[in-house]
Structure formats: structure tokens, C-alpha cells
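Taking mature numbering (1 follows the signal peptide of the UniProt record, and there is no 0), I'd label the letters of the sequence shown as residues -25 to -1, 1 to 632. Each residue gets a CB set at the ideal place from its N, CA and C atoms; glycine is no exception. Please read the structure below before turning to the comments.
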Amino acid sequence: MRTKLLCLALLAAVPGGGFCESAEAASTLRHKAEVRLEPTIRHIQVTDEIDLEATGETVRFRLSRLLRPSLVEVDGVRVTPSSGPEGWSVPTGGRGPKRLVIRYEGVLAELDSGGSPFGGTDPGSGEDGSYLPGGTAWLPGFDDPGLADYRVAITVPKGYRPVMTGRLEDEALGRAVFTFNGASEEPSLFAGRWNVRERMADGLRLRTYFEPDLERLSDDYLEASEGYIRRFSERIGQYPFDSFSILSAPLPVGLGFESLTYIGRQVLPLPFMRGQSLPHEILHNWWGNGVLVDYETGNWSEGLTTYMADYGLTEERSPEAAREMRLGWLRDVAALPPERDGTLADFKARVHGAAQIVGYNKSAYLFLMLNDLLGQDAFDRGIRLFWERHRFKRAGWAELRSAFEEASGTDLEAFFQQWVERRGALSVQLETITAKRVGDAYEMTVRIGQGQPFYRLAVPLMVETAAGTTGHHVEVTGPQTVATLKLDAEPRWITLDPDYRLFRRLAPGEAPPILRDVTLDPTTRMVFAGPEQDAARALAERLMDAGSRGGTVYRTSPVAVVGTTEAVVKALADQGLPPMPASLAGKGTARVWTARSDAGSTVLAIAADDKASLEALMRPLPHYGRQSFLVFQGREAVERGVWPSGDSPSRRAVKVD
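The following block contains the structure:
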């Protein structure tokens, strides 16, 4: 989640300290709110004192449907608001500066720790805590308000701690005061049964808000946060806020906000959270919350954050793991049906798996290829220049391009146009290869073909010779490019893009079937086998990104067969589909695998021992879309992997004439 913060005033990290030097406009609304929140009974009571500039005889505000005003005053005079489909209207008595006091209360939505809290539209609460995200109108929202300053004092019962996005000004037992200034939407509010651990690092307040049984993790999270903030500050520029906090959530979420992240308590102990998810959320304080996204031109922040945090840290730890990450992204692309593809210019947020493949993976690949094109030094100069120019301002792809062009002295119009404005991926292949001996050396002629639309880029080639391996790059611009390579030793093999440095369609053999081939395709046909039809159907609906469909199996469509083991085996045989691999038979309580049918379509089979084994897959299985096969023991994946790649036209033997 990225809220639309324009600036946080009074931050130590902002030069001047008393104001946001690069705010786009002065705040036109000032909220001073007293909030009493009782998580266990889901009750909230708020008195909000608002200074505003009235532009007419009435002012209109929005409030969550769960909340209702009990008192409204304008300049000390009680008035009666009227409600309508677009919110509440209050008579102001004319234009000019007004002080509006709104007192309201209500019962919040129930916070469901097993899934979505409330569908994203209502603020929620429960015994385990409260989650009131910005945009749910838990504070009054006004039409086209410009920027707003908030000062919010929050009181909670004994045993709870409140947290809000913004700056912590004061706190005592059961109470805290936060300011959130220069904002274009309301702050987010959280509460939980947390113990707080804190450390100061270079003037920054680092905190964990964890339940007592998770408090043992605090030191590791604080140490990791300090390291990531220092690392990114050195590469990009100074961390833009005065604090960073990690909050334990009762929900299965991982959300980022200005200066904090809200992470499900179930996953906080997992090692990948500190090694991958935590740096991702910390980096969003620069990209998305420091430099704000111009959503009208596309959300670049997820791709840049994924590239610099998820991929960058992986590459530093292991080049082999980074190569596997690139290949995984390309396998996702291979699984994406053309009708579900999109452009980076159109990407706004991850609302399903298909959007993630475009807005995260393709976007990260853009920055990977840009780094390869410009070199690390020029790329980093561009990053720093982009940050210096646009912190606490909105920026889009055009501003990124401008910064990289200035930093590198390179015209990047064609590069950004083809990767930001176009759907899909590059389609490139080796067409013909000839080689001959020329004196004491060798000459190899390679013809590279490209499908439409045509891209302009350098295609990497690896040639294996009798003396070793050599690397080459060939500039391609159209449907066919012929290049002659000079070699000192006899060539034996040639491979196109051997390290997956290009965002391209994988050739046959490079993309063995994976779960996402089926779960992303809206034409997938479902077969529910065995007596546990309801459990099988529920699992399929949970698994299918595009929504499952039951009915006749078409030979040209992907098919998913879900049910109990004996019934799944029989259904596969009846449909003439590949059987369960012998390597999986008899293992675990559930087996999941993919295969290719004789017609070339992808088959996904999920065979579980019984109803409980099917139900145990509900939560974990959707997270394994890049796998070809899995074995589960209850909820735990005890075996998983990708089928071996086959022969690929991207790798060819060379015959010397």
C-alpha cells in the first residue's frame, strides 16, 4: 500500500527542520483530532476540530458508513448536517475561514485474522488489534482538499499501543500523539497488544511493535533495518523520514506505509522476511513515499524497488540465485495470456497476479536492462539525480528518463518508449548459423530473427569454442539481423541470451510447465474429481487468479484436475491426460504437478488424500505459482521444483564448413 503523501513537515531528515522545503502547495486543511479506540469491542469515538477555507454556503465531507456524527459545529454554533450518497453536507453561513468541529462514533468492521480484514473499504478492529488505513474515511475527508495537516491524539485501553503514520510527538501509557503534515489523504491508524523495542541509529528512531511471543525477533529486525537504511542512504541519498517501525499484524498482509511496515505475525519469524520483504518495504520510503508516483503515467516505484531491493540483494549474495530470479520472472511472462498483459504506463497497483508480472517483474527488468546499457556508475548517478530533483514531489517515467539521460549522456527515448509504452516481451531467436575457417582463425555468421513489434537493443550471445567461452553483443533493430563474429578457436555451440538479461519470450524448452500456466489463464477448464467436490472447488477458486470455470475440457485450453487422489488419477486417464509422475506417487498428504498434454496445453493436477488435505492447501498453494511440482505434508511443502528444461532453439550446435 502506498498512500499519497506529499510531504511530512517537521522531519529531522528535511533540511530546515520546521517545514517541508519542496512541498507543492501549502496545506489548506488542519485537523486536530482526539480519538478513543477500543479494539476489543470495535468501538471508536472521535472529535475532530478542522480549520478550513469555505468556498460556498455548504461544505461536504465523507465519513465511513460505519460512523455517524453526533455533533457538528461551525465556528462554535451547532448545526444539523444532511446526508446523501456523496457524504454529509454542513451549512457554513458563507465563504471564508471556518472552524468545523465534528464528533462521531461507531462500531468498526470485524478484523478477520484468517483473511481479508474488510475487503479494503471499511476500517476494522478486533481483540487482536485495529487497522484503519488511509482512504477508508475514518477521519473526515473533503472534496478536493489540497493538502492537509493532521495532529491526532489517540487513546487506547490498557494493554494496547496505538501507532499512526507520521511523526510521533508524544506518548504515555495508553496514549500517543502523532502529526502527519502536508498530506493528500488521511493517515493510517493501527493498534495492537504490542511491546515496543527501540534503538536510535544516526538520529533515526527504529522500533518494533511485536506481541510478547515475537519480541525475541526485535533485535534482528532492528539491526537489519539499520543496515538497510544505511545501505540505501549511501546509494540514493538521505533517508527521508525520522523513524522506521515494524508492526506485527493479526492479518496475513505485508503492507508498506510512510516510515513503517505492517507485516502478518505468522510470517514475521520466516527468514525471507528480513532478507527480502523488509528491505523492499524500507526502500519504498524513497520510491513511492519519498518520491511520489504520478499514477497517471504509470507506477514505476514497484519495479525500481523490486530491482534495487529484492533483486539487488539477491545478486549480491549469489549470482546464480539472481539468474534463477530472472528466469523465474521470464517463466511468469511465458505463463501470462496475451489478453491479460498490459503496459508499464498503464500499471497502477498489484490487484492480481497478472498485474504483478507486469508492474513488478517487467518493470524490474527494465531497470536491469538499463543498468546493463548504461553501466553501474551512470545508473547510480541517475538514481541519485532523480532523488535529488523529485523527493516529496510527484514524478513519472518521463522524469526517470530525464535523470538517466543527464547522468549518462545517452538518448534513451527509444529505450523507454519500447519498454514502457508497449505490451508484451521481446521475441527473438537464432535463425541460421554458419561457420568457416579463415587462416588460423574462424568466422561465424549468425542470423537473428525478431518478431513484431521490433525492438532496438543489443542481444547477448555466448559462443563455446575449443579454447573456452566468448561473449558477444549484436545490435538488432528489425525482423532480421546478420552479424559476423571473429573467433580465435573453433566454435562448437552458440547460445542466445544465456543469462536471461533480456525481457523476452522464452523459447520452447526454456519454459517447462508451471502452475501459473494454468492459474493465470481465464480459459482454464476445471475438473473436480471425487467425493469432496466442495473442498476441491473452494481450493480451485482460491488458486485461480482469473477465476475458475467448470465444464467440458477443451484440448486447446489449460485444464486443472482437483480432488482426492484415486479420483484424480481416474479423471486424468478418462480425459487422456498425462498420469501422475512416478516420482510423486505415494508421497505426502497431497501432490501437485503440471504436465503437457498431447495437444500441447498445460495440465495441473492436485491430488490430496482426503478433505482435510485439500483444505490444508488453501493458504500455502497460491504462493507456489512458479513451481512445476510439489509434495505437501499437511500445510508444509516438503518437496518442490521445476521440471528440467528441454532442448531449446536458443542454444544451437555449430558446424564448421
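C-alpha distance - Ile211 paired with Ala378, whole-angstrom precision: The residue given as residue 211 occupies position 236 in the sequence shown. The residue given as residue 378 occupies position 403 in the sequence shown. As the crow flies, the alpha-carbon of Ile211 is around 13 Å from that of Ala378.
Under DSSP, the beta strand (DSSP E) around Asn156 begins and ends at which residues? Taking the first residue of the sequence shown as 1, we reach residue 156 at position 181. Boundaries of the beta strand (DSSP E) around Asn156: 150 to 158.
Local conformation of Thr289 per DSSP, three classes: The residue given as residue 289 occupies position 314 in the sequence shown. Residue state, collapsed to three classes: helix.
Alpha carbon to alpha carbon, how far is Leu41 from Pro597? Start at 1 with the first residue of the sequence shown, and residue 41 comes out as number 66. Start at 1 with the first residue of the sequence shown, and residue 597 comes out as number 622. Taking the CA atoms as reference points, Leu41 sits about 32 Å from Pro597.
Alpha carbon to alpha carbon, what distance is there between Ala582 and Leu235? For the purposes of this step, residue 235 is taken as the residue at position 260 of the sequence shown. For the purposes of this step, residue 582 is taken as the residue at position 607 of the sequence shown. If you draw a straight line from the Cα of Leu235 to the Cα of Ala582, it is about 41 Å long.
Looking only at its own chain, which residues have a Cβ that is under 8 Å from the Cβ of Ser603, when we skip the five neighbours before and after it? As a first step, residue 603 is located in the sequence shown; it is residue number 628 there, counting from the start. Same-chain partners within the cutoff: Pro487, Pro488, Ile489, Leu490, Trp568, Thr569, Gly616, Val617, Trp618.
With Phe296 as the anchor, note down where its beta strand (DSSP E) starts and where it stops. Within the sequence shown, numbered from 1, the residue matching residue 296 stands at position 321. Note on residue identity: the sequence assigns Ala, not Phe, to residue 296. No beta strand (DSSP E) contains Ala296, which is instead part of the alpha helix (DSSP H) from 294 to 310.
How long is the line joining the alpha carbons of Thr456 and Ala441, rounded to whole angstroms? To locate residue 456, count along the sequence shown from 1; it is residue 481. To locate residue 441, count along the sequence shown from 1; it is residue 466. Distance between the alpha carbons of Thr456 and Ala441 is about 26 Å.
Can you give me the C-alpha to C-alpha distance between residue 635 and Leu305, rounded to a whole angstrom? Absent from the structure is residue 635, since the part of the chain shown begins at -25 and ends at 632.
For Leu258, the nearest candidate out of Glu209, Gly303, Ala224, Gly239 (CA to CA): For the purposes of this step, residue 258 is identified with residue 283 of the sequence shown, where counting begins at 1. Out of Glu209, Gly303, Ala224, Gly239, Glu209 has the C-alpha closest to the C-alpha of Leu258.
Going by the CB atoms, is the gap between Ala158 and Ala112 shorter than 7 Å? Stepping through the sequence shown from its first residue, residue 112 is reached at position 137. Stepping through the sequence shown from its first residue, residue 158 is reached at position 183. Taking 7 Å as the cut-off, the beta carbon of Ala112 is found no closer than this to the beta carbon of Ala158.
For Ser39 and Val395, the rounded distance between their alpha carbons: If you number the sequence shown from 1, residue 395 lands on position 420. If you number the sequence shown from 1, residue 39 lands on position 64. Answer to the nearest angstrom: the Cα atoms are 37 Å apart.
From the DSSP output, read off the bridge partner residues of Pro44. To locate residue 44, count along the sequence shown from 1; it is residue 69. Per DSSP, Tyr79.
Return the CA-CA distance between Glu541 and Val534, expressed in angstroms with no decimal places. Your numbering for residue 541 matches position 566 in the sequence shown. Your numbering for residue 534 matches position 559 in the sequence shown. If I take the Cα positions, the gap works out to 18 Å.
Whose C-alpha, out of Pro553, Pro497, Val421, Lys73, is nearest the C-alpha of Ala580? Numbered from 1 along the sequence shown, position 605 holds the residue referred to as residue 580. When the alpha-carbon of Ala580 is set against those of Pro553, Pro497, Val421, Lys73, the nearest one is in Pro553.
Range of the contiguous beta strand (DSSP E) that encloses Val395: For this step, residue 395 is matched to residue 420 along the sequence shown. Where Val395 is concerned, there is no enclosing beta strand (DSSP E), although the alpha helix (DSSP H) it sits in stretches over 388 to 395.
Would a C-beta distance cut-off of 7 Å place Tyr335 and Phe478 closer than the cut-off? Your numbering for residue 335 matches position 360 in the sequence shown. Your numbering for residue 478 matches position 503 in the sequence shown. Contact flag unset, no.
Looking at C-alpha atoms only, which residue of Asp269, Leu288, Glu160 is the closest neighbour of His365? Within the sequence shown, the letter at position 390 stands for residue 365. Taking only the C-alpha atoms, the option nearest His365 is Asp269.
Distance between Glu406 and Gly90 (C-alpha atoms, nearest Å): Here the question's residue 90 lines up with position 115 in the sequence shown. Here the question's residue 406 lines up with position 431 in the sequence shown. Here the model assigns Gly90 a pLDDT of 41, short of 50, so the residue's position is not dependable, and the following value carries that caveat. Roughly 50 Å between the two C-alpha positions.
Can you find at least 3 beta carbon pairs, one from the segment 127 to 140 and one from the segment 2 to 17, that sit closer than 8 Å? Contact between the segment 127 to 140 and the segment 2 to 17 is present, because at least three Cβ pairs lie under 8 Å.
Cβ-based burial, Pro246 [other Cβ within 10 Å; buried from 16]: Within the sequence shown, residue 246 is the residue found at index 271, counting from 1. It counts as exposed.
What residues in its chain sit with their C-beta under 8 Å from that of Thr444, if we drop five residues either side in the sequence? The sequence position of residue 444 within the sequence shown is 469, counting from 1. Non-local C-beta neighbours of Thr444 in its own chain, meaning closer than 8 Å and more than five positions away in sequence, comprise Met437, Val438, ordered along the chain.
Quick one: measure Cβ to Cβ for Arg182 and Glu173, integer angstroms, because I've assumed they're closer than 8 Å. Residue numbering aside, residue 182 sits at position 207 when the sequence shown is read from its first letter. Residue numbering aside, residue 173 sits at position 198 when the sequence shown is read from its first letter. At roughly 5 Å, the Cβ-Cβ gap stays under 8 Å, so Arg182 and Glu173 are in contact.
Three-state secondary structure assigned by DSSP to Asn346: Against the sequence shown, residue 346 aligns to sequence position 371. Note: Asn346 maps to helix in three-state DSSP.
For the pair the segment 383 to 400 and the segment 423 to 432, tell me if three or more CB-CB distances fall below 8 Å. Because the criterion of three Cβ pairs below 8 Å is met, the segment 383 to 400 and the segment 423 to 432 touch.
Determine the DSSP secondary structure at Ile16, reduced to helix, strand or coil. Counting from one through the sequence shown, the residue named residue 16 turns up at place 41. In the displayed model, Ile16 falls within coil according to three-state DSSP, outside both helix and strand.
Backbone CA spacing between Gly538 and Ala511 [nearest angstrom]: Counting from one through the sequence shown, the residue named residue 538 turns up at place 563. Counting from one through the sequence shown, the residue named residue 511 turns up at place 536. Between Gly538 and Ala511, the C-alpha separation is close to 5 Å.
Close-in-space but distant-in-sequence residues of the same chain around Pro44 (CB under 8 Å, 5 per side omitted): For the purposes of this step, residue 44 is identified with residue 69 of the sequence shown, where counting begins at 1. Excluding sequence neighbours, Pro44 sits near Leu38, Pro56, Trp63, Ile77, Arg78, Tyr79.
Cutting at 7 Å between CB atoms, please list the residues of its own chain near residue 643, excluding the five before and the five after it. Residue 643 lies beyond the stretch modelled for the chain, which goes from -25 to 632, so this question has no answer here.
Classification of Met175 by the beta-carbon crowding that lies within 10 angstroms, buried from 16 upward: Here the question's residue 175 lines up with position 200 in the sequence shown. That one is exposed.
Assigned secondary structure, Lys429 (DSSP; H/G/I helix, E/B strand, else coil): To locate residue 429, count along the sequence shown from 1; it is residue 454. A small fix is needed here, since residue 429 is Phe in this sequence, not Lys. Looking at Phe429 - three-state DSSP - the assignment turns out to be coil, as it is neither helix nor strand.
What separation, rounded to the nearest whole angstrom, lies between the Cα atoms of Gly357 and Leu345? The sequence position of residue 357 within the sequence shown is 382, counting from 1. The sequence position of residue 345 within the sequence shown is 370, counting from 1. Looking at the two C-alpha atoms, the distance is approximately 11 Å.
From Ser252, Asp415, Val434, pick the residue whose C-alpha is nearest to that of Pro473; which is it? Your numbering for residue 473 matches position 498 in the sequence shown. Of the listed residues, the one whose Cα sits closest to Pro473 is Val434.
Can you name the start and end residues of the beta strand (DSSP E) that Glu450 belongs to? By one-based count along the sequence shown, residue 450 stands at place 475. Start and end: 443 to 451.
Assign Gly31 to buried or exposed, taking buried as 16 or more other Cβ atoms, counted over all protein chains shown, within 10 Å of its Cβ. Residue numbering aside, residue 31 sits at position 56 when the sequence shown is read from its first letter. Exposed: under 16 other Cβ atoms inside 10 Å.
From which residue to which residue does the beta strand (DSSP E) around Ser105 run? Start at 1 with the first residue of the sequence shown, and residue 105 comes out as number 130. Looking at the DSSP string, the run of the beta strand (DSSP E) that includes Ser105 is 104 to 107.
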